[in-house]
């Protein structure tokens, strides 16, 4: 059977709780070059949106590419996207390997 | 021996 083409999905996470609640691993210069979701905290905005899943790789945050971003910078970009008052949501472009 | 370190950093974003 054909190998499923990897798909990128745009997920909008509404800021409907005071925490985002995701743990990410990886970043530039690690064996996981793009940040991958490893945990989602129950009750956080990420969990509430229902579309983010452990294992998804985050390609972009609000249109900002995470390609080449070191781990701490990728985490900072995500944290700032959640903290900013300019938007009531965060748009994640995620990629689900092998889906 | 691989260039990238084997451990992978993990951070919580609250």
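Chains as they are written, first to last, in my numbering: chain A, 1 to 99; chain B, 1 to 14.
All C-beta atoms, glycine included, are put in the ideal place defined by N, C-alpha and C.
Check	Outcome
Within-8 Å CB hit, residue 47(A) to chain B	no
Anticipated Cβ contact below 8 Å, residue 52(A) with residue 64(A), distance rounded	No, residue 52(A) and residue 64(A) are not in contact; Cβ-Cβ is about 17 Å, not under 8 Å.
The stretch 65-79 of chain A in contact with the stretch 7-16 of chain A per 3-pair CB rule at 8 Å	no
Contacting residues, own chain, Cβ-Cβ under 6 Å from residue 22(A) (five flanking each side not counted)	37, 40, 46
From 43(A), 59(A), 50(A), residue whose alpha carbon lies closest to that of residue 26(A)	59(A)
is_contact[residue 53(A), chain B] using C-beta, thresh 8 Å	no
Three-state secondary structure (DSSP) of residue 73(A)	helix
Contact under 8 Å by Cβ, residue 78(A) with residue 13(B)	yes
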